[in-house]
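*Asks:* Pasting a structure here, questions to come.
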Amino acid sequence: MSAPADAPRNTARRDLLLDLQRRAQARWEETKAFEVDAPARASEAESEAKFFGNFPYPYMNGLLHLGHAFSLSKLEFASAYHRLKGDRTLFPFAFHCTGMPIKACADKITKEIAQYGNPPVFPDESELAAAAEAKAAKEAANAGPTDPTKFVAKKSKASAKKGTQSTQWGIMQASGIPEDEIPSFADSMHWLNYFPPLAKRDVAAMGCQVDWRRSFITTDANPFYDAFVRWQFNTLKKIGKIVKAKRYAVYSPIDGQPCADHDRASGEGVGPQEYLLIKMAVYEECLTGDLAPLKGKKVFLAAATLRPETMYGQTNCWILPDGDYGAYELANGEVLVMCERAALNLSYQEQFAEEGKPKCLLSFKGQALIGCVVESPRAVLKKIYCLPMMTILMNKGTGVVTSVPSDSPDDFMALSDLKAKAGLREKFGVKDEWVMPFEVVPCINIPEFGDACAPKVCAELKIQSQNDRTKLDEAKHRTYLKGFTDGIMLLGEHKGKPVKEAKPIIRQEMIDDKTGLVYSEPERTVMSRSGGECVVALTDQWYLEYGEESWKLRADKCLENMNCYHEEARNGFIHTLGWLRQWACSRSFGLGTRMPWDPQYLIESLSDSTIYMAYYTVAHLLQGGDMFGNARPSVEPELMTDAVWDAIFLGTEKPDENVFPRDLLDRMINEFNYWYPFDLRVSGKDLIQNHLSFAIYNHTAIWEDKKMWPRAFRTNGHLLLNNEKMSKSTGNFKTLKQAIEEFSADAMRFSLADAGDTVEDANFVEDTANAAILRLTKEIAWYEEQNADIEADKLRKTAPNKFIDRVFANAMNIAIAQTQANYENMMFREALKTGFYDLQSARDAYRLMSAEEGGMQVDLVKRFMEVQTLLLAPICPHTCEHIYGQLLMKEGSVTNAGFPVGEPEDTALTAANKYLGDLITNMRKGIAKCTAPPKKGPKGPPKSVKSATVFIASEFVGWRAICLGILSECYEAKMKSFPPVPEILEKVKGSELAGDANFKNVMKMVMPFIKYKMDETNVAGVSALSLKSIFNEIDVLSENIDFIKRALHVPEVRICLTTSDNVGSKADEATPGSPAFEFEVVEDVTEGNNLAEGLARVLLN
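So in the numbering used here, the last one in the sequence shown is 1117, and the numbering has no gaps at all.
If you want it as structure tokens, here you go:
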């Protein structure tokens, strides 16, 4: 009878794992198992391998979640593996507090308390919903054409229904912060004291093998780390890698400073997009009606373009009739017509009298501009008209668009529509004389398309109108890049020049003669964590000179020698290093370290976190195991001068012993020189485009010696939870603490290992974690049973030399080799497969197959128990610690017990075991076929097999032998490859087979045989090309004849070597490694028992 649906879940197995977890962690803490120092003696340092792995310190504005745990698990498994196999292993962990998010959240709480009280009483949900809808309506009105699938208003209602969870106070409540403690978070320093200890608690509970003495927090709250960052920046400035200049940067008006990736709620990776504003002068007589207030002023329509070289071919200007436009007065008195969003961006680029406050003289709909006459710089036509275009996006550019129908498929089709459709002209009040006389003005020749590419490609693609979006995108894709790479200018002073040469010259000329204006905006929408939309601002600040030619060459060299584990990751780094340029490294708002030479600025959060891996090597000696840097056992932070850091990290002259303690300095130098460079950094792939690439740049700048550069970066994708994106709003979310409590650390780690090995998104499956609970606890129980059987002398003690013994021992050797390779390559899902699933299957098969062979052999059982424990230890250390000490009765900890050592795989035995399994499978199919009742007519009595004969061929003969000889000649052993198949077939056709009277029929069999043998060689090596099998088939079958009988329910099985006497029988079908067989079938024979059939099934698996 099943339990009722609401019955409490039986958690006994999970609780057992949690208990083992607590015991193991207590033991590790007591023995300081993961605290490791550099060897004091140089000889000792040279004689052993070391491993130093690290992980981007997580940001401390909340609890760690399962996504953090997934990335972290990659480093944890790698570190645990290296520690297990005997490497001196360092795995430190720290906590990032630098930047704007914590300060912004603290300020939000201050604001909410001031506005709504303490505790705050927020407006009810209906008021929030109304406010959200009003805001959404305003945004929709300003956004121009929208995607009808996005339902903005409904989304706002849904957001409003979250009630106070949309407030910072509500977010803190949802994170489990007691309400009476939330007011304390109005002080940003409280965040620094609150969340890092909780993160440490959860990482330790996960079982991560961290040396916690080396932990620290960032910002000037930690005086030692603060001194380290100041040294880093002083060093970079001294070698010319930091400059002060005005540059365009994505900027948060709310925060009053540039908004880097870590400061963004959305839009990570988005940078400034620079345009040229084409200033098209409006004729005075057009300033009537809605535009009349502008009379007497210099008014220009401002169109943003990326293609100033095409301005010669303008025939008109495009306007969105129902778009919202404004006339904005610049600091120089000129008036630019554009949308409000563009004006706001421009106001942060030193064009208006007051930063961030564009002066709007007039607002109006785009329809007021239709029919206006303008003069556009460089255009052949001196007067062009403003015409309607319905596909203009008001959230991109200025809302004013130049029209060059010779080279723009969109422009050509829009102009063609207006010419062809009188109704369309009438709808927007467009007069014929504004449109009909204007023809395409060729301005660029592209060899593939001629003098006017747009009309040609539109005709080729049979584009019918300006609304044929898919074909227009294809047309644009075909022509735009070609125009730049292959185009030749047809008009203007640069006629005859390639476009790629003329383009930058024309652009600069227009800037110089003030007919064009540099303008920049974000490539896509960027929202800051403070809640505001970002703009692009021209900011005067400090920049890291990423992209500088000589520096980039060093970064490229570093990447070239690094292990990136996946080609996709390497390509990501190549792409990033290709586009990455100056990076704004100073901020005015937030937490962090002050710029040493310009303390009005803080160092930006992605910039103070590029070489801190070096700080790990000495943190424990400076901070005395206190992450906050408050415990100062040996030196005051004020003594950590640049000269001291130079001596530690750069090997410069040591300060006088009176200035700094020599013993401490020597220990720090020794620690750094031993551990650096780090061997591995693990991260999510989203950090390739910033943090990880910055780390490459900074290491190559500060350390001249290439030996100090990073050795490996291993990146992974995001983590899905049960195949869906993790999201707090949908409830599909787990903190690290929740996952450990629900599944235990080991079952969670098991599922994390199983989640995926690639750079694509991985999937944590709760069912896998629950199944792991069962698997691990059942394994513990089985070990206990075996110990009892060993104690009771129930296991076989004869020498382990039976076929099934040798196969099982060989399976363990295979598992050891494959699992070690998978750990080395950080393929942890594969390690779980080879080191657990496959080994478990081999054990289960051995257990069942040996049931009638005297049982399992005692030494092999002991060997399996130890091998399985050690192979699984990096992934499930708590369970394995218990098994290792309490069940295997081993001394010490499993974490450094040594990786198991196996013998090389016996490939002949592997092949023989597969051969036996395949034979039984094929014979069972044959038995089923020959004993099956007829499909038609009377069924008759049941049939059974009385006996079976297995025919074995000792070697390949005839055409097969000739083909194998040719393959052996063709095989390139060093390259482990064959020439192309057609080349091999030509050799076959030129062999003695060509004289065979049955040559055509033989050739039909040659091709599949050659392909089969080539594939087999790629797996098994050159031995697959031998004329004989690599094992003795008669010996294998003779040794296992009783098992074959039981598995097939056949009383008698004969083994027969093919000879000339049995030519023409079934024996003809036998080849080495592929025996043939025939059966003697009788009626009314009693069926056998089911045990052997079950054993056969296990064998086949």
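Heads up, the beta-carbon is just placed ideally off N, CA and C, and yes, glycines get one too. Only a predicted model underlies this, so the values are computations on that prediction, with no experimental measurement involved.
#1: Do the CB positions of residue 718 and residue 627 come within less than 9 Å of each other?
#2: Hey, how far is the Cα of residue 35 from the Cα of residue 638?
#3: According to DSSP, residue 556 sits in a beta bridge with which residue or residues?
#4: From 767, 50, 131, 118, pick the residue whose C-alpha is nearest to that of residue 107; which is it?
#5: How is the beta strand (DSSP E) around residue 343 delimited, first residue to last?
#6: Between residue 258 and the rest of its own chain, which residues show a CB-CB distance below 8 Å, the 5 nearest in sequence each way excluded?
#7: Let me confirm a value: residue 1021 is counted as buried when at least 16 other C-beta atoms fall within 10 Å, else exposed. Which label applies?
#8: Taking 8 Å as the cut-off, does the stretch 732-745 touch the stretch 299-313 (at least 3 CB pairs, one atom from each stretch)?
#9: Determine the DSSP secondary structure at residue 937, reduced to helix, strand or coil.
#10: Given this structure, state the Cα-to-Cα distance separating residue 1024 from residue 822, to the nearest angstrom.
#11: Measuring CB atoms only, is the stretch 332-344 touching the stretch 498-516, in the sense that at least three cross pairs come out at less than 8 Å?
#12: Can you tell me the Cα-Cα spacing of residue 298 and residue 374, whole angstroms?
#13: Assuming residue 271 and residue 605 are in contact, meaning their beta carbons sit under 8 Å apart, how far apart are those beta carbons, in whole angstroms?
#14: Report the option in 367, 341, 357 whose CA atom is closest to the CA atom of residue 349.
#15: Counting only the same chain and skipping the five closest in sequence on each side, list residues whose C-beta sits under 8 Å from that of residue 436.
#16: Thinking residue 224 and residue 92 are a contact (beta carbons under 8 Å), I'd like their distance in whole angstroms, please.
#17: Just to confirm my understanding: we take residue 65, look at its own chain, exclude 5 residues before and 5 after, and list those with CB closer than 6 Å. What are they?
#18: Give every residue of the same chain whose Cβ lies closer than 6 Å to the Cβ of residue 835, excluding the five residues on either side of it in the sequence, and list them in chain order.
#19: Please report the straight-line C-alpha distance between residue 617 and residue 232, rounded to a whole angstrom.
#20: Taking the Cβ atom as the reference point for each residue, do residue 414 and residue 426 lie within a distance shorter than 9 Å?
#21: Check whether the Cβ atoms of residue 434 and residue 382 lie closer than 9 Å to each other.
#22: So residue 316 packs on residue 351, CB below 8 Å; how close in whole Å?
#23: Between the alpha carbons of residue 802 and residue 833, how many angstroms are there, rounded?
#24: Return helix, strand or coil for residue 464, following the three-state DSSP convention.
#25: State the DSSP-derived secondary structure class of residue 775, mapped to helix, strand or coil.
#26: Distance, Cα to Cα, residue 1033 vs residue 1041?
#27: Is the beta carbon of residue 234 closer than 9 Å to that of residue 327?
#28: Could you spell out where the beta strand (DSSP E) holding residue 70 opens and where it closes?
#29: In whole angstroms, what separates the C-alpha of residue 859 from that of residue 683?
#30: Identify whether residue 1099 lies in helix, strand or coil by the three-state DSSP scheme.
#31: Quick check: the Cα distance between residue 1052 and residue 987, rounded to an integer number of angstroms?
#32: For the candidate residues 511, 198, 283, 820, whose alpha-carbon lies nearest to that of residue 78?
#33: Taking the beta carbon of residue 376 as the centre, do at least 16 other beta carbons fall within 10 Å, making it buried, or is it exposed?
#34: Would residue 480 be called buried (16 or more neighbouring beta carbons within 10 Å of its own) or exposed?
#35: Which word fits residue 342, buried or exposed, when buried means at least 16 other C-beta atoms lie within 10 angstroms of its C-beta?
#36: Considering residue 686, what are the terminal residues of the alpha helix (DSSP H) in which it resides?
*Replies:* In brief:
#1: yes
#2: 36 Å
#3: 262
#4: 50
#5: 340-345
#6: 249, 252, 558, 559, 560, 561, 601
#7: exposed
#8: no
#9: helix
#10: 33 Å
#11: no
#12: 20 Å
#13: 5 Å
#14: 367
#15: none
#16: 5 Å
#17: 103
#18: 847, 850, 851, 887
#19: 23 Å
#20: no
#21: no
#22: 7 Å
#23: 25 Å
#24: coil
#25: coil
#26: 7 Å
#27: no
#28: 66-70
#29: 50 Å
#30: strand
#31: 29 Å
#32: 198
#33: exposed
#34: exposed
#35: buried
#36: 678-691
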